[in-house]
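So the numbering used here is basically just the index in the sequence shown, starting at one, shifted up by 8.
Virtual Cβ for every residue (Gly too), placed ideally from N, Cα, C.
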Amino acid sequence: LTSNQGQVASDELNSSNEADHGSVTLASKVNNETVSNLWVSSKAYGNTASPQLVVYGRQLNTTIVASQVGQLANNKVVGAVSGSGYSVAGVSLSGRVYHWRSHELIADVRLELSEKIDGVSSELDSTTTDAVGEFTLASNVAGEKMITAAKEMTANDQQKVVTSADALAALKIAVGLNPNGDDSFPASPYQMIAADVNKDGRVNSADALKILKIAVGLSDAIPQEWLFVSETEDFWDETANNGEGEFALTSKDVSWGSEGLQFSEQLGLNSNFLGVLLGDVNGSWLAPEEAMELPDNYFASLEQAGIGPVYQWFSVIAA
Numbered sequence: 009l010t011s012n013q014g015q016v017a018s019d020e021l022n023s024s025n026e027a028d029h030g031s032v033t034l035a036s037k038v039n040n041e042t043v044s045n046l047w048v049s050s051k052a053y054g055n056t057a058s059p060q061l062v063v064y065g066r067q068l069n070t071t072i073v074a075s076q077v078g079q080l081a082n083n084k085v086v087g088a089v090s091g092s093g094y095s096v097a098g099v100s101l102s103g104r105v106y107h108w109r110s111h112e113l114i115a116d117v118r119l120e121l122s123e124k125i126d127g128v129s130s131e132l133d134s135t136t137t138d139a140v141g142e143f144t145l146a147s148n149v150a151g152e153k154m155i156t157a158a159k160e161m162t163a164n165d166q167q168k169v170v171t172s173a174d175a176l177a178a179l180k181i182a183v184g185l186n187p188n189g190d191d192s193f194p195a196s197p198y199q200m201i202a203a204d205v206n207k208d209g210r211v212n213s214a215d216a217l218k219i220l221k222i223a224v225g226l227s228d229a230i231p232q233e234w235l236f237v238s239e240t241e242d243f244w245d246e247t248a249n250n251g252e253g254e255f256a257l258t259s260k261d262v263s264w265g266s267e268g269l270q271f272s273e274q275l276g277l278n279s280n281f282l283g284v285l286l287g288d289v290n291g292s293w294l295a296p297e298e299a300m301e302l303p304d305n306y307f308a309s310l311e312q313a314g315i316g317p318v319y320q321w322f323s324v325i326a327a
């Protein structure tokens with residue numbers, strides 16, 4: 009460590025970004041192992057933020073932030089970069105949101121990132137998907153995290169999307185038939201989620217009736233809404249069907265992570281979401297004409313990654 013006009017700074021800056029932006033770093037070590045870091049940083053990733061004091065305890069994996077006036081800043085790190093080149097503030101989480109069947113990217117989806125410490129949940133960041141369905145959230149490195157997604161219904165979302173055909177599809181699921189026809193894809197888990205309109209974890213004739221009420225516009229119909237499912241949620245049981253595999257979701261068990269994407273390890277996190285319109289069992293929703301669409305080989309890569317078979321997303325290209 010060197011002292012420069014009353015400030016203590018680290019000589020071990022591997023990040024030119026940190027040095028260029030004038031961050032001051034102090035590291036404490038025990039047996040030559042860093043146990044805590046102290047940063048004063050006002051700029052990272054080209055974005056100017058209020059000067060703040062960031063204390064990161066490596067052993068307990070905790071982050072505390074104070075503003076320039078010494079007040080806690082909601083434990084939200086906005087721009088500190090560590091001496092090792094990793095950003096404490098800027099562990100950025102990027103992803104995309106798209107429709108499960110049309111594969112079209114969905115704009116105007118609101119994403120919120122929160123963390124829970126000692127049983128108390130607090131928001132870290134929020135954003136909205138852009139015109140191509142992409143988003144970025146700023147996180148810190150400490151604590152259990154959750155990303156949730158929501159979208160307001162628009163006229164495009166409601167215009168002749170849910171019809172009597174969806175009610176019939178839900179009824180077929182309820183009695184164990186393939187809603188897509190015997191010679192087509194088996195029922196996708198996203199179809200199961202769309203069909204469970206009363207959210208009781210099952211698909212039965214009551215759901216079919218409720219979907220029909222939506223289709224004909226009855227006043228007591230369940231309000232339509234968007235549901236968002238983590239892309240990496242595992243719906244495929246490799247051991248079932250004598251090792252041939254099959255989807256784990258059935259008409260009697262529609263269980264999925266409806267609360268959001270929970271995680272603690274951020275390195276390499278897949279934070280993509282798929283949109284499912286409640287009641288739209290056949291997945292007939294289409295985005296506005298200018299929306300972009302993911303290619304079929306994208307879903308081949310998901311199959312290769314072990315997430316599920318390509319027909320889970322109604323893709324026609326095998327891996």
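Less than 8 Å between the C-beta atoms of Q270 and E152, yes or no? Counted from its first residue, the sequence shown places residue 270 at position 262. Counted from its first residue, the sequence shown places residue 152 at position 144. It is a contact, given that the beta carbons lie within the stated cut-off.
Please state the DSSP three-state secondary structure of Q270. Along the sequence shown, one-based indexing puts residue 270 at 262. Strand, per DSSP.
Out of Q320, G265, S129 and G291, which one is the CA nearest neighbour of Y306? In the sequence shown, counting from the first residue as 1, residue 306 sits at position 298. The residue with the shortest Cα to Cα distance from Y306 is Q320.
Go through its chain and collect everything with a Cβ distance to D228's Cβ below 8 Å, but skip five positions before and after it. By one-based count along the sequence shown, residue 228 stands at place 220. Residues of the same chain with a CB within less than 8 Å of the CB of D228, apart from the 5 flanking positions on each side, are K221 in chain order.
Count the other C-beta atoms from every protein chain shown that fall within 10 angstroms of the C-beta of M161, then say buried if there are 16 or more, exposed otherwise. As a first step, residue 161 is located in the sequence shown; it is residue number 153 there, counting from the start. A residue is called buried when at least 16 other Cβ atoms come within 10 angstroms of its Cβ; M161 does not meet this threshold and is exposed.
To test your reading of the DSSP string, which unbroken alpha helix (DSSP H) runs of 4 or more residues are found completely within the stretch 173–238? With a minimum length of 4 residues, the continuous alpha helix (DSSP H) runs that stay inside the stretch 173–238 are 197–203 and 213–224.
On the three-pair Cβ rule with 8 Å, is the stretch 269–289 touching the stretch 162–175? Because the criterion of three Cβ pairs below 8 Å is met, the stretch 269–289 and the stretch 162–175 touch.
Kindly identify the DSSP beta-bridge partner or partners of I155. Locating residue 155 in the sequence shown gives position 147, where the first residue counts as 1. Paired residue(s): L121 and L269.
Looking at I315 and W264, is the spacing between their C-beta atoms short of 8 Å? Stepping through the sequence shown from its first residue, residue 264 is reached at position 256. Stepping through the sequence shown from its first residue, residue 315 is reached at position 307. Not closer than 8 Å, so no.
Please report the distance separating the alpha-carbon of F281 from that of S134. Position 273 of the sequence shown, counting from 1, holds the residue named residue 281. Position 126 of the sequence shown, counting from 1, holds the residue named residue 134. Taking C-alpha positions only, F281 is separated from S134 by approximately 15 Å.
Please go through the same chain and pick out, in chain order, the residues whose beta-carbon is closer than 6 Å to the beta-carbon of S129, but skip the five residues on each side of it. One-based indexing of the sequence shown puts residue 129 at position 121. The beta carbon of S129 sits closer than 6 Å to those of S122, all from its chain and outside the five residues before and after it, given in chain order.
Could you check the C-alpha separation between S147 and T156 for me, to the nearest Å? On the sequence shown, position 139 is the one that residue 147 refers to. On the sequence shown, position 148 is the one that residue 156 refers to. S147 and T156 have their C-alpha atoms some 14 Å from each other.
Can you name, in chain order, every residue of its own chain whose Cβ lies under 8 Å from the Cβ of E267, other than the five neighbours on each side? For the purposes of this step, residue 267 is taken as the residue at position 259 of the sequence shown. Exclusion of the five residues before and after E267 leaves M154 and T156 as the residues of its chain whose Cβ lies within less than 8 Å of its Cβ.
For V289, tell me which candidate among I181, S192 and D126 has the shortest Cα-Cα distance. One-based indexing of the sequence shown puts residue 289 at position 281. Among I181, S192 and D126, the Cα nearest to that of V289 belongs to I181.
L113 versus D138, S102, K124 and I125, residue with shortest Cα-Cα distance: Counting from 1 along the sequence shown, the entry for residue 113 is found at position 105. Nearest C-alpha to L113: D138.
What separation, rounded to the nearest whole angstrom, lies between the Cα atoms of V105 and G184? Locating residue 105 in the sequence shown gives position 97, counting from the first residue. Locating residue 184 in the sequence shown gives position 176, counting from the first residue. Distance between the alpha carbons of V105 and G184: 30 Å.
Just the C-alpha distance for G276 and S238, rounded to the nearest angstrom, thanks. By 1-based counting over the sequence shown, the position of residue 276 is 268. By 1-based counting over the sequence shown, the position of residue 238 is 230. When rounded, the separation of the alpha-carbon atoms in G276 and S238 is 15 Å.
Proximity below 8 Å, CB of K159 to CB of W108: Position 151 of the sequence shown, counting from 1, holds the residue named residue 159. Position 100 of the sequence shown, counting from 1, holds the residue named residue 108. The answer is no: Cβ separation not under 8 Å.
Indicate whether the contact test is met: 3 or more Cβ pairs, each with one atom in the stretch 241–251 and one in the stretch 205–221, closer than 8 Å. No: fewer than three Cβ pairs fall under 8 Å.
A216 and A178 look like a contact to me (Cβ under 8 Å); what is the Cβ gap, rounded to whole Å? Position 208 of the sequence shown, counting from 1, holds the residue named residue 216. Position 170 of the sequence shown, counting from 1, holds the residue named residue 178. For a cut-off of 8 Å, the C-beta gap from A216 to A178 is around 4 Å, short enough to register as a contact.
In terms of DSSP beta bridges, what is V284 paired with? Your numbering for residue 284 matches position 276 in the sequence shown. For V284, which the question treats as bridged, DSSP gives the partners L235.
Closest by C-alpha distance to S110, when choosing among P197, S259 and A299: Against the sequence shown, residue 110 aligns to sequence position 102. The shortest C-alpha separation from S110 is found at A299.
Taking the alpha carbon of P296 as the point to measure from, which residue in L101, K124, A195 and D116 has its own alpha carbon closest? As a working note, residue 296 is residue 288 in the sequence shown. When L101, K124, A195 and D116 are compared, the shortest CA-CA separation from P296 is found for D116.
Starting from L132, follow the beta strand (DSSP E) in both directions and report where the run begins and ends. As a position in the sequence shown, residue 132 is number 124, starting the count at 1. Its beta strand (DSSP E) spans residues V128 to T136.
Should Q312 go down as buried or exposed, given a rule of 16 or more other Cβ atoms within 10 Å for buried? Within the sequence shown, residue 312 is the residue found at index 304, counting from 1. Counting Cβ neighbours within 10 Å, Q312 comes out exposed, since fewer than 16 surround it.
Cβ-based burial, G386 [other Cβ within 10 Å; buried from 16]: Beyond the ends of the chain as shown, which are 9 and 327, falls residue 386; an answer cannot be given.
Quick one: grab the DSSP three-state call for F243. Your numbering for residue 243 matches position 235 in the sequence shown. If DSSP states are grouped into helix, strand and coil, F243 belongs with coil.
Given a cut-off of 8 Å on the beta-carbon distance, is the pair S102 and T136 in contact? Sequence index remark: in the sequence shown, residue 102 carries index 94 (1-based). Sequence index remark: in the sequence shown, residue 136 carries index 128 (1-based). Not in contact: S102 and T136 (Cβ atoms no closer than 8 Å).
Where does K207 land, buried or exposed, given buried means 16+ other C-beta within 10 angstroms? Position 199 of the sequence shown, counting from 1, holds the residue named residue 207. Answer is exposed; the Cβ neighbour count stays below 16.
DSSP bridge partner residues for V105 (one or two, in chain order): Counted from its first residue, the sequence shown places residue 105 at position 97. In the DSSP output, where bridge partners are listed per residue, V105 has F281.
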